[in-house]
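2 protein chains.
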Amino acid sequence: MSIESSAGRAFAPGHITGFFEMHDDPDPRRKGSTGCGVVIDGGIDTIVTRGVGKTEVYLDGASVKADTTCSLIEQLVDFPVHVNCTSSIPIGCGFGASAAGSLSTAYALNDAFSLGLTSNQLVEAVHIAEVSNGSGMGDVEGQYFGGVPIRKVPGCPPYGVLDRVPSPSFEVHCIVLGELSTGSVLNDAGLMRDINSAGRSALRSLLARPTVTNFMEISKQFTLKCGLASDRVMDAIEAVGAAGGMASQAMLGDTVFACSVEETKKDVFDALSTFAEVTTYNVTSCYEHPVKF
Amino acid sequence: MSIESSAGRAFAPGHITGFFEMHDDPDPRRKGSTGCGVVIDGGIDTIVTRGVGKTEVYLDGASVKADTTCSLIEQLVDFPVHVNCTSSIPIGCGFGASAAGSLSTAYALNDAFSLGLTSNQLVEAVHIAEVSNGSGMGDVEGQYFGGVPIRKVPGCPPYGVLDRVPSPSFEVHCIVLGELSTGSVLNDAGLMRDINSAGRSALRSLLARPTVTNFMEISKQFTLKCGLASDRVMDAIEAVGAAGGMASQAMLGDTVFACSVEETKKDVFDALSTFAEVTTYNVTSCYEHPVKF
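So the protein lines, in turn, are chains B and F.
Just so you know, we're using the numbering used here here: the first sequence kicks off at 1 and counts up by one.
Just so you know, we're using the numbering used here here: the second sequence kicks off at 1001 and counts up by one.
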């Protein structure tokens, strides 16, 4: 592949949060969320080159506003760049796309312009961009860690403390049913009190029995307690349960994610298919990384 | 694959340390090393089942003593187990095999006997086993993190602080020239003073310019300063340099690891081949994980 010399490319995976608790802090590096989610092999692949005039971000060929990515870029370089993102996850549906876009951009910039930053420094810059734009809840820390990351203490490294639910690679089946405004949830003080209380007890339960099955069950209970699920999300979660699988809602999206043992995989897939088109991802022991041209 | 019900299987990758500094501490969880290395796709694949009479560890079909793995097992279960390890890395040559054997055993035990531990808890148990047996210098933390892990603060999570050199997947070519006794190095107080002083300044240099090229150069300087390299290791390192690649010594082994840009890859491989059989691994964005049967 022929590419101009000051170009960089990187991939960052999507991250689906099952439950969470928000933590405020005057220091943006310590602000964030605790909770648990899954990191998937779908994500955002980004190529950056030096821009002309002003910074422009393209997503799957279309020019986009990308506030978080632009905040991230301003922290790292003082010249315009051209950012070309290709996504294999839905945008704005609870797949951590804004963090994946920013994180892949950070790695690509580091590579293209020899910024000489470590992974922790890149993650910190993305974390600050996410927190100041209110677009993320700890997705970047998950994407940086891989697998089934547990966020035990909020914040970017070295402030945040991460752990993992030990797990082999497994499939998650996802359907997107509509849109859910992150802002409308995060700005509702009463709802956030319920979420934080439910999120705190969910984390305690998960740490007492850190398995994927328990993560799925606790996530479903969290969704039910907080009343975040639309009727169709509830119906889809129940249909998966009836088919012998486990499902919950992606935080924050009008999205259902499901998994199952091998024996009921086809039934779970078919149950979800009656609601919307199903996309299947793998949860693996991998994380973000620059990509060689 | 048919397997009895209380069986577990896991993989842990090898880890080659390029430079390090030892840190003592009365708390074994805070004792360990700082430094940097590479995590490779070769490692140890372990199957555990309930044992009969006493715990037995097999490596590639032969019964082995495996002190570190036995210490680990005693921390996690109070009944005998049968451990069957298959290795794709050399043993006792600076590839972190003792940590990989113990870490894969820890994950497999957790899975087989539903121990209900998180990854951090499993890593802590392996870390304590390594430190108390004097067999490891932080390999387990690297294997748990993947890629090109920088150990900035010693100890297992959450005490230790890890970072990464951002890097795409790349190949490392390895040759094993003989044996190096870890104990003879770690018990030589004068040598350890030199190692620790060189390791401290190596880490500072790496953090100032965290790239794979700089890691390889700093590692080579560390080897030269400490005088750990045998004549043949020195010759192999020089031969790789003359072939347009970068090489250093695996800590602690009579082993050389090398990498290069695409253009000189064949020359580097050929240069190494004149000393011993070359094995090539990939450094990827992956880490330890249980394996589904």
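Even glycine gets a Cβ: it sits at the ideal position worked out from N, Cα and C.
Predicted model, so just to flag it, every value in this text is computed and none were measured.
Contact list for residue i against chain F, beta-carbon separation under 8 Å
{"i": "B:Ala150", "result": "The residue you asked about is not Ala; residue 150 of chain B is Ile in the sequence shown. The contacting residues are Thr1118."}
{"i": "B:Arg209", "result": "Gly1116"}
{"i": "B:Lys292", "result": "Pro1168, Ser1169, Phe1170"}
{"i": "B:Gly18", "result": "Chain F residues near B:Gly18: none, gap ~15 Å exceeds 8 Å."}
{"i": "B:His82", "result": "Neighbours of B:His82 on chain F: none; closest Cβ ~20 Å, over 8 Å."}
{"i": "B:Gly183", "result": "By Cβ distance, chain F contributes nothing, its closest Cβ being about 32 Å from B:Gly183, past 8 Å."}
Spatially closest choice to residue i from the options, by CA coordinates
{"i": "F:Gly1035", "options": "F:Val1278, F:Ala1202, F:Asp1270", "result": "F:Ala1202"}
{"i": "F:Ala1258", "options": "F:Glu1217, F:Cys1286, F:Leu1224, F:Asn1084", "result": "F:Glu1217"}
{"i": "F:Asn1120", "options": "B:Leu224, B:Arg164, B:Thr279, B:Leu122", "result": "B:Arg164"}
{"i": "B:Lys220", "options": "B:Ile237, B:Ser205, B:Val83, B:Gly146", "result": "B:Ile237"}
{"i": "F:Met1022", "options": "F:Gly1160, F:Gly1051, F:Met1246", "result": "F:Gly1160"}
{"i": "F:Phe1113", "options": "F:Phe1079, F:Asp1267, F:Glu1130, F:Glu1124", "result": "F:Phe1079"}
{"i": "B:Phe293", "options": "B:Ile47, B:Ala276, B:Ile40", "result": "B:Ile47"}
{"i": "F:Asp1254", "options": "F:Leu1076, F:Ala1243, F:Met1234, F:Gly1245", "result": "F:Met1234"}
{"i": "B:Ala250", "options": "B:Pro158, B:Phe20, B:Arg9, B:Glu74", "result": "B:Phe20"}
{"i": "F:Gly1244", "options": "F:Lys1152, F:Ser1260, F:Ile1044, F:Asp1231", "result": "F:Ser1260"}
{"i": "F:Gly1043", "options": "F:Arg1151, F:Ala1097, F:Ala1007, F:Ser1033", "result": "F:Ala1097"}
{"i": "B:Ala276", "options": "B:Met246, B:Ala239, B:Val283", "result": "B:Ala239"}
{"i": "B:Gly94", "options": "B:Val39, B:Leu162, B:Gly241, B:Lys266", "result": "B:Val39"}
{"i": "B:Asp24", "options": "B:Pro157, B:Pro168, B:Met137, B:Asn282", "result": "B:Met137"}
{"i": "B:Thr49", "options": "B:Gly37, B:Asp111, B:Asp67, B:Gly199", "result": "B:Asp111"}
{"i": "F:Thr1069", "options": "F:Leu1122, F:Pro1090, F:Leu1206", "result": "F:Leu1122"}
{"i": "F:Val1077", "options": "F:Ala1066, F:Thr1223, F:Gly1199, F:Leu1115", "result": "F:Leu1115"}
{"i": "B:Leu206", "options": "B:Glu179, B:Pro166, B:Leu228, B:Arg193", "result": "B:Pro166"}
{"i": "B:Val153", "options": "B:Val283, B:Ala7, B:Gly32", "result": "B:Gly32"}
{"i": "F:Pro1028", "options": "F:Glu1124, F:Lys1054, F:Leu1072", "result": "F:Glu1124"}
{"i": "F:Phe1269", "options": "F:Val1283, F:Leu1186, F:Ala1242, F:Val1291", "result": "F:Ala1242"}
{"i": "F:Arg1030", "options": "F:Lys1054, F:Ser1230, F:Pro1157, F:Val1185", "result": "F:Pro1157"}
{"i": "F:Ala1106", "options": "F:Ala1129, F:Pro1090, F:Ile1091", "result": "F:Ala1129"}
{"i": "B:Gly92", "options": "B:Leu180, B:Arg200, B:Val126", "result": "B:Leu180"}
{"i": "B:Val126", "options": "B:Gln75, B:Ser248, B:Phe11", "result": "B:Gln75"}
Interface residues of chain B facing residue i [CB-CB closer than 9 Å]
{"i": "F:Asp1235", "result": "Neighbours of F:Asp1235 on chain B: none; closest Cβ ~30 Å, over 9 Å."}
First and last residue of the uninterrupted beta strand (DSSP E) at residue i
{"i": "F:Met1246", "result": "1246 to 1249"}
{"i": "F:Cys1259", "result": "1254 to 1259"}
{"i": "B:Arg323", "result": "Since the first and last residues shown for chain B are 1 and 293, residue 323 of chain B lies out of range."}
{"i": "B:Asn84", "result": "81 to 87"}
{"i": "F:Asp1041", "result": "1032 to 1050"}
{"i": "B:Phe170", "result": "170 to 178"}
Extent of the continuous alpha helix (DSSP H) run through residue i
{"i": "F:Tyr1058", "result": "Not the alpha helix (DSSP H): F:Tyr1058 falls in the beta strand (DSSP E), residues 1056 to 1059."}
{"i": "F:Ala1236", "result": "1231 to 1242"}
{"i": "F:Phe1215", "result": "1212 to 1226"}
{"i": "B:Ala10", "result": "Unbroken run through B:Ala10 is the beta strand (DSSP E), 7 to 23; no alpha helix (DSSP H)."}
{"i": "B:Arg151", "result": "Premise fails: B:Arg151 lies in the beta strand (DSSP E), 149 to 153, not in any alpha helix (DSSP H)."}
{"i": "F:Thr1118", "result": "No alpha helix (DSSP H) contains F:Thr1118, which DSSP labels as neither H nor E."}
{"i": "F:Ser1285", "result": "Premise fails: F:Ser1285 is in no alpha helix (DSSP H) and is neither H nor E."}
{"i": "F:Leu1203", "result": "1189 to 1208"}
{"i": "F:Val1185", "result": "1182 to 1186"}
{"i": "F:Val1268", "result": "1265 to 1273"}
{"i": "F:Val1140", "result": "1139 to 1145"}
Beta-carbon neighbours of residue i, restricted to chain B and to distances below 7 Å
{"i": "F:Asn1110", "result": "Pro166"}
{"i": "F:Gly1253", "result": "Correct list: empty, because the minimum Cβ distance to chain B is about 25 Å."}
Cross-chain neighbours of residue i in chain B, by beta carbon under 8 Å
{"i": "F:Cys1085", "result": "In chain order: nothing, as chain B lies at least about 18 Å away."}
{"i": "F:Gly1245", "result": "Near F:Gly1245 there are no residues of chain B at all, since even the closest Cβ is about 16 Å away, more than 8 Å."}
Neighbour flag for residue i against chain D, beta carbons, 8 Å
{"i": "F:Arg1050", "result": "Reference to chain D is not applicable here, since the protein chains of this structure are B and F."}
Cross-chain neighbours of residue i in chain F, by beta carbon under 7 Å
{"i": "B:Asp14", "result": "Contrary to the premise, residue 14 of chain B reads as Gly rather than Asp in this sequence. None at all; the shortest Cβ gap to chain F is about 15 Å."}
{"i": "B:Gly178", "result": "Chain F residues near B:Gly178: none, gap ~33 Å exceeds 7 Å."}
{"i": "B:Gly61", "result": "Within 7 Å Cβ-Cβ: nothing; B:Gly61 doesn't reach chain F, min ~24 Å."}
Contacts of residue i in chain F (Cβ-Cβ under 9 Å)
{"i": "B:Gly227", "result": "Ordered by position in chain F, no residue passes the 9 Å Cβ test against B:Gly227, which lies about 29 Å from the chain."}
Contact residues within the stretch 153 to 173 of chain B, judged by C-beta distance below 9 Å to chain F: Val153, Pro157, Pro158, Val161, Leu162, Asp163, Arg164, Val165, Pro166, Ser167, Pro168, Ser169, Phe170
Residues from the stretch 119 to 141 of chain B in contact with chain F, defined by Cβ distance under 7 Å: Ser119, Asn120, Leu122
Three-pair Cβ contact test at 8 Å for the stretch 1009 to 1023 of chain F versus the stretch 204 to 213 of chain B: no
Stretch pair the stretch 174 to 186 of chain B + the stretch 52 to 66 of chain B: three plus CB contacts closer than 8 Å: no
At least 3 beta-carbon pairs within less than 8 Å: the stretch 93 to 107 of chain B vs the stretch 1125 to 1141 of chain F: no
The stretch 1262 to 1286 of chain F: positions lying closer than 7 Å to chain B by Cβ: Ser1285, Cys1286
Interfacial residues, the stretch 1021 to 1055 of chain F to chain B, with Cβ spacing under 8 Å: none
At least 3 beta-carbon pairs within less than 8 Å: the stretch 269 to 288 of chain B vs the stretch 138 to 150 of chain B: yes
Interface residues of the stretch 1186 to 1216 of chain F facing chain B [CB-CB below 8 Å]: Leu1207, Ala1208, Arg1209, Pro1210, Thr1211
Contact the stretch 1071 to 1085 of chain F vs the stretch 1038 to 1058 of chain F: 3+ CB pairs below 8 Å: yes
Proximal residues, the stretch 92 to 108 of chain B versus chain F, C-beta separation under 7 Å: Tyr107
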